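Here is the structure we will look at, set down as structure tokens.
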Amino acid sequence: MTGAVTGAASAALEVRDLVKEYRRGTPVLRGISLRFPETGITAVIGPSGTGKSTLIRCINRLVEPTAGRVFFKGVDLTALRGRALREQRRRIGMVFQEYNLVERLTVMENVLSGRLGYLTAWQAFWRRYPADDIAMAWELLDTVGLTSFANQRADALSGGQRQRVGIARAVMQRPDILLADEPTSSLDPKTSVEIMELLTAIADARRIPVIINIHNVPLARRFAHHVVGMAGGHVVYEGDPAGLSDEHLKQIYGGENWLD
Amino acid sequence: MTAPVTRPPAFVPNWTVRIAWCVLLIYSIYAASLLEITWERFLAGLDHGARFIGRMLPPDTSASKLELLAKGLYESLEIAVIASALGIVLSLPIGLLAARNLMPGWITWPMRMFIALCRSFHQVIIAIVFVKAVGFGALAGILSLTVASIGFVAKLFAEAIEEISLKQVEAVRSTGAPFMSVILYGVLPQVLTRFVGFATYQVDSNLRNSTMVGIVGAGGIGGTMFAAFQRFDYDFLLTILLSIIAVIMVSEMLQNRIKKLFQ
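Order-wise, the sequence lines are chains A and B.
One point on numbering: in my numbering, the residue at position 26 of the first sequence is 871, and numbering is uninterrupted.
One point on numbering: in my numbering, the residue at position 84 of the second sequence is 227, and numbering is uninterrupted.
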């Protein structure tokens, strides 16, 4: 690890008073302030439509925040434009609920597209990737067990395989942080666990923080080191998974009949 | 036991549509009555037709005519190929700039106006303008079919781009890719097969239209054909018609090959 750091300063990512309104007067995020630790998995739990996806997209500015700031390793991401913004995006890997692979490109092309931030469009068009990028792509495909699919089109894969490619693409960026937006919501329970194990392995091996939006509470409890509970555009819980009580869950999801 | 439940009718008659159909039917009958189609006229027409076909046969294949035919066909092909290439290449950026899901309104609005302008007039009308502007010959034909190609292909390109999945685009953007790479990786793979389909259709359309712009002096086989008509060279006319059919059939075969290649 990177030596002694004080508790207050050890946040890799800090979100300050973040507000997002898609339509004027109806905010989805109503002032979110959070600090994410330097390593480990943070699960953001909460019901559908509570702004988890918006929060994660405000971090890499796929969605423009209405107000507030996002600091990543000391850089104010909300102040960036153009090239400076793209250079920060290269450091932030992202995994999507519906995988978001380019269906008509091959698995290899999808994985290597994680490097597009470092190539000119001309190099990208002629597939002129540096040799060490291609070597890394093969290694990643070995890791996720899809080496034999390298030259197949992404639309030939199953859901679990696609998500593995999506993760490989994000890791291909050699990111300093990984954002995952409901990575297991479209997958069966067994595959979901496997994907969570893969994300955990990446977080450990690369010593990067991983932020995972998830609405499956048992999965969050099992894999996360840190839990953020959201409801109605507010943060209502922040802390250890162990400290997450039924009272908190009632507050986050409402009702109680669904709890055992 | 069963209580009678009154429910609304399952199929509600739409009187507006029914009346519209009746109006259309009445107008069609009225319009047909204006044409004065009579049995006698039909019989006379058959007689004229038979004599016309009789004068077409056998097709004229004398060396001098064949040379004329080859020259005209070659020019038509030239017009079609160059106009298609120019039109499709220009349509790529124009179509992209006109796609409302990727571009801001102040770009798409003038682009869509330009496309609409290209579509406003028939190729022959545009050809007349270009013949006036650049003189008789193939250049006028090439320019007019290029304009027509942009009107058709750029519009379809823009519509194809507007139907893509933005999720794939979002993923490519999130890697920090520059704008052109986002287009190349996030957009182009999603629309390429449709683009190829539109482009080959336009080549086919340009081939047929290139045989026509010659009528107004914009080069190609059309001029030769029009002259054959006016000189009552119906046997040579048949040779021209048969060769145009052959060209279109060959192009159809080529198109199918190309489409299979880009599946």
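Beta carbons are placed, not taken as given, at the ideal position from N, Cα and C, and that holds for glycine.
If you're wondering where the values come from, they're calculated on a predicted model, not measured in any experiment.
So for residue i, helix, strand or coil by DSSP?
i, result
"residue 1093 of chain A", "helix"
"residue 1079 of chain A", "strand"
"residue 399 of chain B", "helix"
"residue 906 of chain A", "coil"
"residue 978 of chain A", "helix"
"residue 155 of chain B", "coil"
"residue 899 of chain A", "helix"
"residue 865 of chain A", "strand"
"residue 148 of chain B", "coil"
"residue 337 of chain B", "helix"
"residue 947 of chain A", "coil"
"residue 295 of chain B", "helix"
"residue 859 of chain A", "strand"
"residue 885 of chain A", "strand"
"residue 874 of chain A", "strand"
"residue 368 of chain B", "helix"
"residue 921 of chain A", "strand"
"residue 108 of chain B", "Any answer about residue 108 of chain B is impossible in this case: the structure gives chain B only from 144 up to 406."
"residue 959 of chain A", "helix"
"residue 890 of chain A", "strand"
Taking 6 Å as the limit between beta carbons, can you name the residues of its chain near residue i, skipping five residues before and five after?
i, result
"residue 896 of chain A", "873, 874 and 1078"
"residue 1037 of chain A", "1029"
"residue 917 of chain A", "858"
"residue 887 of chain A", "881, 1056 and 1071"
"residue 898 of chain A", "1026"
"residue 223 of chain B", "349, 350 and 353"
I'd like the list of long-range same chain contacts for residue i, defined as Cβ closer than 8 Å, with 5 residues on each side in sequence excluded.
i, result
"residue 345 of chain B", "227, 230, 231, 292, 295 and 296"
"residue 943 of chain A", "1031"
"residue 892 of chain A", "1060, 1076, 1097, 1098 and 1099"
"residue 160 of chain B", "none"
Leaving out the 5 sequence neighbours to the left and right, which residues in its chain are closer than 7 Å to residue i when beta-carbon positions are compared?
i, result
"residue 309 of chain B", "244"
"residue 906 of chain A", "922 and 930"
"residue 878 of chain A", "860, 861 and 862"
"residue 311 of chain B", "329 and 333"
"residue 382 of chain B", "202, 203, 204, 208 and 212"
"residue 1065 of chain A", "888, 890, 1059, 1072 and 1086"
"residue 270 of chain B", "283, 284, 287, 356, 359 and 361"
"residue 199 of chain B", "377, 378, 380 and 381"
With 8 Å as the threshold, decide whether the Cβ of residue i is near any Cβ in chain D.
i, result
"residue 956 of chain A", "This model lacks chain D altogether, as its protein chains are A and B."
Exercise for review: Select from the segment 178-204 of chain B all residues with a C-beta closer than 9 Å to any C-beta belonging to chain A, and list them in chain order.
Suggested key: Residues: none.
Review point. Are the segment 975-986 of chain A and the segment 1044-1053 of chain A in contact at 8 Å, needing three or more beta carbon pairs?
Key: Counting C-beta pairs with one atom in each stretch, the segment 975-986 of chain A and the segment 1044-1053 of chain A have fewer than three that are closer than 8 Å, which means they do not touch.
Exercise for review: Jot down the residue ranges of each uninterrupted alpha helix (DSSP H) in the segment 1022-1076 of chain A, minimum 4 residues, whole runs only, in chain order.
Suggested key: Complete alpha helix (DSSP H) runs here, min 4: 1034-1051 and 1062-1068.
Point to revise | Stretch pair the segment 319-337 of chain B + the segment 953-967 of chain A: three plus CB contacts closer than 8 Å | key: Touching, yes, given that three or more Cβ pairs across the two stretches are closer than 8 Å.
Point to revise | Cβ pair count under 8 Å reaching 3, the segment 197-209 of chain B against the segment 339-357 of chain B | key: When C-beta atoms of the segment 197-209 of chain B are compared with those of the segment 339-357 of chain B, fewer than three pairs fall below 8 Å, so the two segments do not count as touching.
**Study point:** Residues of the segment 284-317 of chain B with Cβ closer than 7 Å to any Cβ of chain A, in chain order
**Key:** For the segment 284-317 of chain B, which is checked against every Cβ of chain A, the residues closer than 7 Å are 310, 311, 313, 314, 315, 316 and 317.
Review point. Between the segment 260-278 of chain B and the segment 336-343 of chain B, do three or more beta carbon pairs fall short of 8 Å?
Key: Contact between the segment 260-278 of chain B and the segment 336-343 of chain B is absent, because fewer than three Cβ pairs lie under 8 Å.
Point to revise | Residues within the segment 864-878 of chain A neighbouring chain B, beta-carbon criterion of under 9 Å | key: Under the 9 Å Cβ criterion, the segment 864-878 of chain A contributes no residue.
Check your understanding: In chain order, what residues of the segment 888-914 of chain A put their CB closer than 8 Å to some CB of chain B?
Key -> Taking 8 Å as the Cβ-Cβ cut-off, the segment 888-914 of chain A approaches chain B at 905 and 907, given in chain order.
**Study point:** Near-chain A residues of the segment 340-363 of chain B - C-beta to any C-beta below 7 Å
**Key:** Within the segment 340-363 of chain B, no residue has a Cβ lying closer than 7 Å to any Cβ of chain A.
**Study point:** Within 9 Å of chain A by C-beta, residues of the segment 368-382 of chain B in sequence order
**Key:** Of all residues in the segment 368-382 of chain B, none has a C-beta nearer than 9 Å to a C-beta of chain A.
Check your understanding: Using 8 Å as the threshold, is the segment 985-996 of chain A in touch with the segment 943-954 of chain A, meaning 3 or more CB pairs across them?
Key -> Short answer: they touch.
Check your understanding: Can you find at least 3 beta carbon pairs, one from the segment 211-224 of chain B and one from the segment 351-369 of chain B, that sit closer than 8 Å?
Key -> With contact defined as three or more Cβ pairs closer than 8 Å, the segment 211-224 of chain B and the segment 351-369 of chain B are in contact.
Point to revise | Residues in the segment 237-268 of chain B having any Cβ partner in chain A nearer than 7 Å | key: Those would be none; no residue qualifies.
**Study point:** Positions along the segment 1003-1028 of chain A whose CB lies within less than 9 Å of some CB in chain B
**Key:** Cβ contacts with chain B come from 1011, 1014, 1015, 1017, 1018 and 1024.
Practice item. Can you check the segment 256-313 of chain B for any alpha helix (DSSP H) of at least 4 residues that lies completely inside it and give the ranges in chain order? Key: 266-277, 281-292 and 298-305, all fully within the segment 256-313 of chain B.
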